[in-house]
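Residue numbers 1 to 291, in UniProt numbering, belong to the letters of the sequence shown in order.
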Amino acid sequence: MFLATTSGTTDPLSTWEDFLAKFRWQNIVAIVAQKALELLFYTILFIILQRVAKLVLQHVFKQYRRSEKYSTSRVNTMDTLVTNGTNYILFFLYCYALLSALGVPVGTLIAGAGVISLALGLGAQGFVSDVVTGFFIILEKQFEVGDVVQIDEITGTVSAIGIRTTQVTSFDGTLNFIPNRNISIVSNKSRGDMRVLIQIHVFPTTPLRQVQQIIATKNKELVPKYDAITRGPDDLGVTDLGQGNLALQVQMYVKNGAQVKVQNAFLSAYLAAIHDAGITLPTNALNLTKS
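As structure tokens, then:
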């Protein structure tokens, strides 16, 4: 009985070989090779289209930059926006082609689920909000590439505006990526002339008229050297800063971006001329005395 039972038992190895023998390996290899070639073709095509689109957009916006009808910041803004939008569209088409080549019925899935339900299912509410907000930022010209802005607690120069995010470079070099939907209040510091306020601390006994004359002389000497000055300088007189501190104030307006350079130049010139005249100024904003 043992021999009969043994001879009637099915050999697992022969069963596995019979199972593998049913496959048409030549057809399978041909199908895999065909799909691999299709994926490779679409990948190469995507890379070529991306580079061609980049070259075309660079050429187009280069022509716009040469034209005096359009501001540089506006052209830079549209350049980044159109470039990002084109990359998104090409990437979507690339993914669609890959899935279609693999036999995934993308069109049927979208038609069956519905575009809105599919977007919600993928968590695209934030993406849609980013795109809509970015559209209104561009339409209303709230800011453009190159503008100095303050968005919430971030202050810096706008380096790029995309359909999803806005990039702001802080003055210390930090690159901040801000989702467009989070932009609610924007303080644009590049749309008008900026005020430069120079304060020179003085004693109550300081000869103010002599100091004002020195400042007026320096203004005549320095103003022609700075084309960025649009108004002033104006002598605002002496103001009380509190706690017994007095300051002589000079105010002027300059083009955006030049305020720090102009302020440092004029303040340094004022202090050097006052020192050369032998006039002593407070060395500290606070007058500390021992009791």
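Note that CB positions come from ideal geometry on N, CA and C, so glycine has one too. Model, not experiment: these values are computed from the prediction.
Whole-angstrom distance between residue j and residue i, CA atom to CA atom
| i | j | result |
| --- | --- | --- |
| R51 | G162 | 19 Å |
| I229 | Y96 | 56 Å |
| P204 | N245 | 9 Å |
| D130 | S184 | 12 Å |
| D148 | T217 | Just to set this straight, residue 148 is Val in the shown sequence, not Asp. Cα to Cα, V148 sits roughly 33 Å from T217. |
| S291 | D172 | Bear in mind that the predicted position of S291 carries a pLDDT of just 34, short of 50, making it unreliable; the figure below should be weighed with that in mind. Rounded to whole angstroms, S291 to D172 spans 43 Å at the Cα level. |
| S187 | V56 | 34 Å |
| I47 | G192 | 43 Å |
| I274 | T77 | 46 Å |
| F61 | D79 | 7 Å |
| F92 | V104 | 15 Å |
| A233 | I154 | Note that residue 233 is Pro in the sequence shown, not Ala. So the alpha carbons of these two residues sit roughly 31 Å apart. |
| S238 | V223 | The amino acid at residue 238 is misidentified as Ser; the sequence shows Val. About 22 Å. |
| P282 | Q251 | 21 Å |
| Q212 | N84 | 55 Å |
| V202 | V196 | 19 Å |
| K220 | L241 | 27 Å |
| R231 | A265 | 16 Å |
Residues near residue i by beta carbon distance below 8 Å, same chain, minus five either side
| i | result |
| --- | --- |
| Q210 | A277 and I279 |
| A101 | K35, E38, L39 and Y42 |
| T86 | A53 and L57 |
Per DSSP, cross-strand counterpart(s) of residue i
| i | result |
| --- | --- |
| I154 | I151 |
| G242 | N245 |
| G134 | DSSP output for G134 lists no bridge partner at all. |
| G237 | Q249 |
| V254 | M194 and I229 |
Neighbourhood of residue i by C-beta, 7 Å cutoff - its chain only, sequence neighbours within 5 removed
| i | result |
| --- | --- |
| N180 | D130, T133, G134, I137, R164, T165 and T166 |
| A269 | K218 and L222 |
| I151 | V168, I178, I183 and V186 |
| L98 | L39 and Y42 |
Own chain partners of residue i with C-beta closer than 6 Å, once the 5 adjacent residues on each side are dropped
| i | result |
| --- | --- |
| N256 | S190 and M194 |
| L267 | I198 |
| R65 | V75 |
Near the ligand FAD: residue i beta-carbon under 7 Å from a heavy atom
| i | result |
| --- | --- |
| A247 | For the structure depicted, the ligand FAD is absent and the ligand set is empty, with no information on it obtainable. |
Exercise for the section: Only counting runs of 4 or more residues, tell me where the alpha helix (DSSP H) segments fall wholly within the region 144 to 231, in order along the chain. Expected result: Entirely contained in the region 144 to 231, the alpha helix (DSSP H) runs reaching 4 residues are, in chain order, 208 to 222.
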